[in-house]
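Working notes, beginning with the structure itself.
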Amino acid sequence: MPVEVRLPTMFRGDAAGQASVKANGGTIGEVLDDLVRQFPRLGGKIVTDDGTLHRFVNVYCNDEDVRYLDKLDTKLADDDIVTILPAVAGG
Amino acid sequence: MARLDSILDLIGDTPLVDVSRLSPNPRVRLLIKLEGQNPTGSVKDRIALAMVEAAERDGTLRPGQTILEPSSGNTGIGLALVCRVKGYGLKVVLPENVSVERRQLLEIFGAEVVLSPGAEGSNGAVRLAEKLAADTPEYAFLYQYGTPDNPGAHYRGTGPEIWRDCPEVTHFVAGLGTSGTLMGVGRYLKEQNPAVQVWAVEPPAGELVQGLRSLDEGYIPPVFRDWGGAELLDRKLIVRPRESIEWTRRLLDEAGIFAGLSSGAAMAGAARAAADADEGVVVTLAPDGGWKYLSTGAWTDPLDDVVERASRIIYF
């Protein structure tokens, strides 16, 4: 089941310059695995070698941060949009 | 309240206003705490005073010294007021892409403004201030992103005020910037009632900050880590500029509340919490009044134009 994945500026160079790509999977973890299969240069940048999200990456399912849902096990439905963003300061 | 010794005595004890008519769920009440009622018109007056008084007590800040602080505006303006009253100098590192009113207010209160590149967002302001502080140890570097006095001001002030005025609160929803408000209020409310849910709202800042080249330049405020933010928050959502502005307008049109754009974002998050709950009382917080955003045309211009403009400025 393909979902749309939106990439931040800093990752687009590793994904053939695309801002938005399609990836398959029923969970966030599966979609991110498929993303790295398509674009190997993203390997280790979103999910680290120990299998957790990089500390400076936030991943959102329909604009909700998956760290506060079921993390990489967060389930996805058709038409969900996954957004990947770097952690930046506010205030 | 009638006669006060100092303008600084007006900081805090802000009103909580019922805006349940804006709730999407008839079984959930909605209240908003108006931080625009503070002397410089924002919630940041609270932490400015707390940070300066703590630094006076521990000797970090000596008479006549100059304070250095990175700020997207409101903390700088709050500090500028406190510094003016207490006789300190102030240098604020400000991203160049904040609303023009923020910069004007800093200058009116006598702060020296050092601009940091807009494309680097608040990260760039933090980084430049850290470098200036390292190069010039004479500055008092209070550092809102790292000091416990920031969440502490909310743990001792904002949180107890909400509990006093609304002990039936079931959800607290607020914007995430330095994380001071959410950490301080969230911890206090959960200590009173562990069932209270704490929801964070953020702008899509990582989309707007185009100048980051690698993840090594990412940033999580030490306050968030030190106060256990990952465990404290129940939910965290992005609210985009369009929805923020729509809710900023609804606050004015339907409740008569003239508040800033991040208040609209907080209301959008509060409405989602209300829609998600079976019943309850959602409390949110309006960080500032609308005055500093008149130049964005938020209340007057076509929505598409305002969204486009808001996407280019830092409004959190």
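Sequence lines, in order, name chains A and B. If you use this note's numbering, the first sequence corresponds to residues -7 to 83, in order. If you use this note's numbering, the second sequence corresponds to residues 2 to 317, in order. Ideal Cβ placement from N, Cα and C applies to all residues, glycine included.
VAL44 of chain A at chain B interface by Cβ criterion, 8 Å: What you label residue 44 of chain A is simply residue 52 of the first sequence in a count that begins at 1. The question names Val, but residue 44 of chain A in the sequence shown is Thr. Chain B contact via Cβ: absent.
Within-8 Å CB hit, GLN211 of chain B to chain A: Sequence index remark: in the second sequence, residue 211 of chain B carries index 210 (1-based). Yes, contact with chain A.
Residues that ARG(-2) of chain A bridges to, as DSSP identifies them: Translated into positions along the first sequence, residue -2 of chain A becomes position 6. Beta-bridge pairing links ARG(-2) of chain A to A:SER12, A:THR75.
Proximal residues, the stretch 1 to 24 of chain A versus chain B, C-beta separation under 8 Å: THR1, MET2
Alpha-carbon spacing of SER100 of chain B relative to LEU5 of chain B, whole angstroms: On the second sequence, residue 100 of chain B is found 99 positions in, with the first residue counted as 1. On the second sequence, residue 5 of chain B is found 4 positions in, with the first residue counted as 1. So the two alpha carbons sit approximately 32 Å from each other.
Helix, strand or coil at PRO195 of chain B according to DSSP, with G and I counted as helix: Start at 1 with the first residue of the second sequence, and residue 195 of chain B comes out as number 194. Residue state, collapsed to three classes: coil.
Span of the alpha helix (DSSP H) around GLY90 of chain B: Taking the second sequence and counting its residues from 1, one reaches residue 90 of chain B at position 89. Note, GLY90 of chain B: premise wrong, no alpha helix (DSSP H); beta strand (DSSP E) at 90 to 96.
VAL65 of chain A versus LYS45 of chain B: straight-line alpha-carbon distance, rounded: Position 73 of the first sequence, counting from 1, holds the residue named residue 65 of chain A. Position 44 of the second sequence, counting from 1, holds the residue named residue 45 of chain B. Here residue 65 of chain A turns out to be Asp, not Val, going by the sequence shown. Cα to Cα, the separation comes out at about 38 Å.
Distance between GLY79 of chain B and ASP10 of chain B (C-alpha atoms, nearest Å): Within the second sequence, numbered from 1, the residue matching residue 10 of chain B stands at position 9. Within the second sequence, numbered from 1, the residue matching residue 79 of chain B stands at position 78. The straight-line gap from Cα to Cα measures roughly 13 Å.
Closer than 8 Å to chain B by CB, ARG47 of chain A: Working through the first sequence from its first residue, we reach residue 47 of chain A at position 55. It does: the Cβ of ARG47 of chain A has a partner Cβ on chain B nearer than 8 Å.
Cβ-Cβ distance between ASN151 of chain B and ILE48 of chain B below 8 Å: Mapped onto the second sequence, residue 151 of chain B falls at position 150. Mapped onto the second sequence, residue 48 of chain B falls at position 47. A contact, by the Cβ cut-off of 8 Å.
Ordered list of beta strand (DSSP E) runs contained in the stretch 136 to 216 of chain B, each at least 3 residues: 172 to 176, 198 to 203
Proximity below 8 Å, CB of TYR220 of chain B to CB of VAL80 of chain A: The residue you call residue 220 of chain B lines up with position 219 of the second sequence. The residue you call residue 80 of chain A lines up with position 88 of the first sequence. Cβ distance < 8 Å, so TYR220 of chain B and VAL80 of chain A count as in contact.
Rounded distance between the beta-carbons of GLY261 of chain B and ASP289 of chain B, thought under 8 Å: Position 288 of the second sequence, counted from the first residue, corresponds to residue 289 of chain B. Position 260 of the second sequence, counted from the first residue, corresponds to residue 261 of chain B. The Cβ separation is near 4 Å, so the contact holds.
Neighbour flag for ASP235 of chain B against chain A, beta carbons, 8 Å: Locating residue 235 of chain B in the second sequence gives position 234, counting from the first residue. It does: the Cβ of ASP235 of chain B has a partner Cβ on chain A nearer than 8 Å.
Closest by C-alpha distance to ALA287 of chain B, when choosing among B:ARG103, B:THR249, B:PRO223: Against the second sequence, residue 287 of chain B aligns to sequence position 286. Checked all of B:ARG103, B:THR249, B:PRO223; the closest Cα to ALA287 of chain B is B:THR249.
Cβ contact (3+ pairs, closer than 8 Å) linking the stretch 65 to 81 of chain B and the stretch 28 to 45 of chain B: yes
Cβ of LYS37 of chain A within 8 Å of any chain B Cβ: For the purposes of this step, residue 37 of chain A is identified with residue 45 of the first sequence, where counting begins at 1. Output row for LYS37 of chain A: interface = yes.
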